[in-house]
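Asks:
Protein chains in written order, with this note's numbering: chain A, 726 to 1050; chain B, 23 to 476.
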């Protein structure tokens, strides 16, 4: 088990190196730092001195991968690649455009992101599985059909409309919760209820339909027929046998996203003014803060790989046949 | 003078390819059989009718030209307007130019905001000014209700007449092709005509869906947004398809180091959260466009290239799913006897892949192609909101929502632009989803067993 985990972590290294190379290529090779400086400074203020100053402030005034002017190991380390990309491996993200340390900012914003993402994930999972079990129980009936139609309709609505509609109805028309904002501690609850509810609601369509397909596939198997043949009630078949056996595909989809919950939700956070990592990312994209986007890309991939590892480990918990060697 | 935008060319190439594929399918019964199963579904036929309506609007909007200016004598060289127009702009008449000062509600005759109006006697009052075009033909504003009702009813009657005549004329054609739910398709067409005819008839005198902040007709904007959605939904798959198919089949067929390299490539790409990868790529594209203005002569061309780049970026970031599916299928197929036999006969790899593997994974390709469409339409709206979507000058559902979002706080609320974007987009995505489901059911070999599945 331990050696398996170790090996998987070793496998992750080449992937992270790949991610690093992709981001490096995207940010520094496709466009030179000079281009970025020109873009950020705006057309009016572009002078060679301004560009040089902009690059020096951000440490972009070095050669890309090979510093011939330096001596010894400095030839490799005093380069943009080492300073900006290789440093990511030790979670040293540098400073954002507003000169604040990105790592500190990320630590501070993780809490609000999780406060929204964890309830959405857990409640959403429970609601979707319940709905899907209900539809599977009443399969091939009018109720099931209505459920599927509702699911398809719900997944055809853009998340933006869920957020805008919910904000309008609940906050503006009914004045139940504040439109946006955030507060420390338990006071945050009143700000989080609505975005969490919307997050769950917007996921019901595709989620329940996906789980329904899983359950129906499982119900076509032989052991279900055997269970029915020995006289088990349909509810017992569904809850004791089908649900347990459907756990593997459910886990495949669910566990992999758990680490990514840290990243927060881009849309909800920015609409509801929650100071999490999602809104941080959106602000960085809109403000063209390349350092922050780079950092988030790297963290996102680390978390995704962690999710894959967690998925494999969770298999051993639900399926005793799976042995990780 | 025709203006040739790159996306137009690609869209029409895609139409030609689809037509070619359809013709090829008709000649080969085993290829036509799954499509027959698709068209036997009522949901598929209804959604196909609606999709065709969207497609017609999108394709009409994909033929661009610059109008000839009426100037000079008969011998003068022809002068062309700077404005790029499309066939759709011509079809909807002067809807494009009839813009007001700012917001106005659907069917309104007056502006949304009060203004200082000069009276003939030199005095001025603060009141809602009359619209320049909305209801301008009315003698008094009190006539509006009657006028709207009369026009709507006339259009409805005409629509019903056309609909009935069409049904009558085509009944022989429908009877000669049983097994297709023509009645459902015909009813869908009726519903579509009943909605579209009054809307178009009334848009001549009113702003049927109101006007937006700069006074543009929202109905017109919604029609223009359709093309952007369709382009993103289809051209992205055009980029993704060859890449995902080639890479996926090669990984499964050759195994060994080819498989290792390809798996490494797609695990790496996959591990970057999609939105961030797209955002990073689009940011870099923006820098490139901003620093190379000389490459983009007109605004329309710049916006168009940006749309194309967006499709390419979306395609390059989303081929991994298809590649993984095809890899798994090719791994299975390469072990089958007939492929082993082909090997034994010394058939080349390229020929085995082309003649034996590709046709047998075609159903996966088609299913994923139609399944991806609706997701891409939804993604466009979100990306435009995040600021990494289409060019701000391109009309799209995303930019419409983005502009209308800030108006929610106004009192009274400006709801019409949002509502228009919502319904146009919802219907498009819904029918795309329904059609995709029917295609999946028709093509999935597992469903075929036992005649109908479920």
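Backbone N, C-alpha and C fix where the C-beta goes; we use that ideal spot for every residue, glycine too. Please read all numbers here as calculations on a predicted model, not as lab measurements.
With 7 Å as the threshold, decide whether the Cβ of residue 272 of chain B is near any Cβ in chain A.
Replies: No, its Cβ sits nowhere closer than 7 Å to a Cβ of chain A.
Asks: At 7 Å on the CB atoms, spell out the chain E contacts of residue 400 of chain B, in chain order.
Replies: The structure shown has no chain E; the protein chains it does contain are A and B.
Asks: Just to check my reading of the structure: residue 937 of chain A and residue 861 of chain A have Cβ atoms closer than 8 Å, yes? What is that Cβ distance to the nearest angstrom?
Replies: That pair is a contact at about 6 Å.
Asks: Among B:198, B:382, B:187, B:197, which has the Cα closest to the Cα of residue 211 of chain B?
Replies: The candidate whose alpha carbon is nearest that of residue 211 of chain B is B:187.
Asks: To be precise: take each residue of the segment 72-94 of chain B, compare its Cβ to all Cβ atoms of chain A, and keep it if any distance is under 7 Å. Which residues remain?
Replies: Result list empty, no residue passes.
Asks: What's the gap between the Cα of residue 359 of chain B and the Cα of residue 378 of chain B?
Replies: Their Cα atoms are separated by approximately 12 Å.
Asks: State the DSSP-derived secondary structure class of residue 89 of chain B, mapped to helix, strand or coil.
Replies: Strand, per DSSP.
Asks: Expressed to the nearest angstrom, what Euclidean distance is found between the alpha-carbon atoms of residue 319 of chain B and residue 197 of chain B?
Replies: Distance between the alpha carbons of residue 319 of chain B and residue 197 of chain B: 54 Å.
Asks: Output needed for residue 897 of chain A: all residues of its chain with C-beta closer than 8 Å, excluding positions within five of it in sequence on either side, in chain order.
Replies: Result list for residue 897 of chain A: 904, in chain order.
Asks: In angstroms with no decimal places, state the Cα-to-Cα distance between residue 796 of chain A and residue 290 of chain B.
Replies: Answer to the nearest angstrom: the Cα atoms are 34 Å apart.
Asks: Along the chain, where does the beta strand (DSSP E) containing residue 104 of chain B start, and where does it finish?
Replies: Residue 104 of chain B -> beta strand (DSSP E) spans 102-108.
Asks: In the DSSP assignment, what residue or residues form a beta bridge with residue 24 of chain B?
Replies: Residue 24 of chain B is bridged to B:87.
Asks: Can you list, in chain order, the residues of its chain whose CB lies under 6 Å from that of residue 934 of chain A, leaving out five sequence neighbours each side?
Replies: 876, listed in sequence order.
Asks: With DSSP as the reference, identify every bridge partner of residue 233 of chain B, one or two as the case may be.
Replies: Partner(s): B:126, B:239.
Asks: Run through the DSSP bridge pairs and tell me what residue 284 of chain B is partnered with.
Replies: In DSSP, residue 284 of chain B forms no bridge with anything.
Asks: On the criterion of 16 or more Cβ atoms from any shown chain inside 10 Å, does residue 326 of chain B qualify as buried, or is it exposed?
Replies: Buried, since its Cβ has 16 or more Cβ neighbours within 10 Å.
Asks: In its own chain, which residues sit with a C-beta less than 6 Å from the C-beta of residue 923 of chain A, not counting the 5 before and 5 after it?
Replies: Same-chain partners within the cutoff: 887, 888, 891.
Asks: With the cut-off set at 7 Å, would you say residue 269 of chain B and residue 345 of chain B are in Cβ contact?
Replies: Yes.
Asks: So what does DSSP say about residue 845 of chain A, is it helix, strand or coil?
Replies: Residue 845 of chain A falls in the helix class under three-state DSSP.
Asks: Starting from residue 477 of chain B and walking both ways along the beta strand (DSSP E), at which residues does that stretch end?
Replies: With chain B running from 23 to 476 in the structure shown, residue 477 of chain B is simply not present.
Asks: Taking 7 Å as the threshold (beta carbon to beta carbon), is residue 886 of chain A in contact with chain B?
Replies: Chain B, which has a Cβ nearer than 7 Å to the Cβ of residue 886 of chain A, makes this yes.
Asks: Counting only C-beta atoms, is residue 860 of chain A closer than 7 Å to chain B at any point?
Replies: By this cut-off, residue 860 of chain A is not an interface position.
Asks: Anyone know if the C-beta pair for residue 298 of chain B and residue 1025 of chain A falls short of 7 Å?
Replies: Contact: yes.
Asks: Should the segment 82-90 of chain B be regarded as contacting the segment 24-43 of chain B, the criterion being three or more beta carbon pairs within less than 8 Å?
Replies: The answer is yes - the segment 24-43 of chain B touches the segment 82-90 of chain B, with three or more Cβ pairs under 8 Å.
Asks: So residue 261 of chain B and residue 333 of chain B are supposed to be a Cβ contact under 8 Å. How far apart are they, rounded?
Replies: Going by Cβ atoms, the distance from residue 261 of chain B to residue 333 of chain B rounds to 6 Å, so yes, they are a contact pair.
Asks: Would DSSP call residue 210 of chain B helix, strand or coil?
Replies: Helix, per DSSP.
Asks: Which bits of chain A does residue 303 of chain B rub up against, with CB to CB less than 7 Å?
Replies: Within chain A, the residues near residue 303 of chain B are 751.
Asks: Using the Cα positions of residue 975 of chain A and residue 276 of chain B, report the straight-line distance between them to the nearest angstrom.
Replies: Approximately 32 Å between the Cα atoms of the pair.
Asks: Residue 71 of chain B to residue 869 of chain A, Cα distance in whole Å?
Replies: In a straight line, the C-alpha of residue 71 of chain B is about 26 Å away from that of residue 869 of chain A.
Asks: Does the distance from the C-beta atom of residue 849 of chain A to that of residue 925 of chain A stay below 7 Å?
Replies: Contact: yes.
Asks: Do the CB positions of residue 335 of chain B and residue 293 of chain B come within less than 7 Å of each other?
Replies: Cβ atoms of residue 335 of chain B and residue 293 of chain B: not closer than 7 Å.
Asks: Could you name the residues of the same chain whose beta carbon sits closer than 7 Å to that of residue 739 of chain A, not counting the 5 residues immediately before and after it, in chain order?
Replies: Around residue 739 of chain A: no qualifying Cβ.
Asks: Please state whether DSSP places residue 733 of chain A in a helix, a strand or coil.
Replies: In this structure, residue 733 of chain A counts as helix in the three-state DSSP scheme.
Asks: Whose Cβ in chain B lies nearer than 8 Å to the Cβ of residue 729 of chain A?
Replies: Under the 8 Å cutoff, chain B gives no residues; its nearest Cβ is about 18 Å from residue 729 of chain A.
Asks: Could you tell me whether the segment 58-71 of chain B touches the segment 223-240 of chain B, using the rule of 3 or more Cβ pairs below 8 Å?
Replies: The answer is no - the segment 223-240 of chain B does not touch the segment 58-71 of chain B, with fewer than three Cβ pairs under 8 Å.
Asks: Which ranges would you report for the alpha helix (DSSP H) in the segment 153-208 of chain B if only whole runs of at least 4 residues count?
Replies: The segment 153-208 of chain B contains these whole alpha helix (DSSP H) runs: 166-197.
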